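Student:
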Amino acid sequence: MKRLSPGVEPRTAARAVRLVDGFVVEDAREDHVVQWGQASQQRGAALLEAPEVPQADVAGQARGYVGRIVELLAAIDIEPSRKLTAARAELEKLVCLAQATLAPLENLKTALDGHARRLEEARLEIEAAALAALFLSEYLTSSRPDLSRGFLLREISLTRTALEIRGGEFERNSQREAPRALMTTIQAVVLVDLPECLEALSRARHRLNPTEAGELQHRLRTLLRKLDA
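Written out as structure tokens, the structure is:
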């Protein structure tokens, strides 16, 4: 198997060997070849076309809440505190709204992870079937040229599907990372750092000396950087 595909993953090669071992040349018919790896291929294609993930754009909602928090904080003047007073009610509401997205985000993350695992399993099966088909195509070249040609066609088709799955890995990984990153931002920054910063701002004296104002501005900018990360 490594001769046919030098960079093949060991687990893929092992599956291909099992497929070849289970193939009985004497009983082989053309319809066996046509159906070779077809179930895995169809499953992989279906997962590519219709991901089994929640339809609600909870990630978009969470990003919207965090984005609005950033807008409000960026507009706050440390001195005077009038803008903080005006924005505080909306900020507190946004904190609650962001917190409410944590459970749906966790569900989204779980669904995306599960979809990725199923797609990875389908890819392994497809690549194993393609490698086994290539082996059998070579093996049957002289004794069963009709089956050999059929296996070669199946190898080409299976490999094309496997490449489609591999081609979308970067985008899928980015989609999986989005809810993780949002959950981290909400849990660590929106629910912890933001209330602490707002409390510090509200406790500040009406008239701040330059050092006090600088410290609060630094704290606010640090918070904004975390939210924008």
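Residue numbers 81 to 309, in the numbering used here, belong to the letters of the sequence shown in order.
A virtual CB, placed ideally from N, CA and C, is assigned to each residue, including glycine.
These numbers were taken from a predicted model, which means no experiment stands behind them.
Along the chain, where does the alpha helix (DSSP H) containing threonine 291 start, and where does it finish?
Tutor: 290–308
Student: Runs of 4 residues minimum, wholly inside the region 201–286: which ones carry the alpha helix (DSSP H) assignment?
Tutor: 225–247, 249–265, 274–283
Student: Which residue wins for smallest C-alpha separation from glutamate 244, given the options Gly102, Glu200, Ala154, Glu218?
Tutor: Glu200
Student: By the 10 Å Cβ neighbour count, where 16 or more other Cβ atoms means buried, how is glycine 117 classified, buried or exposed?
Tutor: That one is buried.
Student: Can you tell me whether proline 160 is helix, strand or coil according to DSSP?
Tutor: With a pLDDT of 48 at proline 160, under the threshold of 50, the modelled position of that residue is not reliable, and no figure is offered here.
Student: Run through DSSP, which three-state label would aspartate 137 get?
Tutor: DSSP places aspartate 137 in coil when its eight states are reduced to three.
Student: Which residues mark the beginning and the end of the alpha helix (DSSP H) in which glutamate 110 is found?
Tutor: 110–114
Student: Can you tell me which of the three DSSP states glutamate 106 falls into?
Tutor: Correct three-state label for glutamate 106: helix.
Student: What is the rounded straight-line gap between the Cα of proline 259 and the Cα of valine 138?
Tutor: 9 Å
Student: Could you give the C-beta distance for alanine 202 and alanine 96, rounded to a whole number, given that I count them as a contact under 8 Å?
Tutor: With a Cβ gap of about 15 Å, alanine 202 and alanine 96 do not count as contacting.
Student: Which residue from Ser282, Thr190, Leu274 puts its Cα closest to that of arginine 305?
Tutor: Leu274
Student: Using a Cβ-Cβ cut-off of 7 Å (strictly less than) and excluding sequence neighbours within five positions of valine 100, which residues of its own chain qualify?
Tutor: If the five residues before and after valine 100 are omitted, its C-beta is found closer than 7 Å to the C-beta atoms of Ala212, Phe215, Leu216, all from its own chain and listed in chain order.
Student: Between the alpha carbons of valine 150 and threonine 291, how many angstroms are there, rounded?
Tutor: Rounded to whole angstroms, the gap between the alpha carbons of valine 150 and threonine 291 is 24 Å.
Student: Can you grab the Cα-Cα spacing for the pair glutamine 122 / valine 146, in whole Å?
Tutor: 40 Å
Student: Following the continuous alpha helix (DSSP H) through threonine 92, name the residue where it begins and the one where it ends.
Tutor: 90–101
Student: Tell me the DSSP secondary structure of glycine 117 in three-state form.
Tutor: coil
Student: Under the rule that 16 or more other beta-carbon atoms within 10 Å means buried, what is alanine 154, buried or exposed?
Tutor: Alanine 154 counts as exposed, since fewer than 16 other C-beta atoms from the protein chains shown sit within 10 angstroms of its C-beta.
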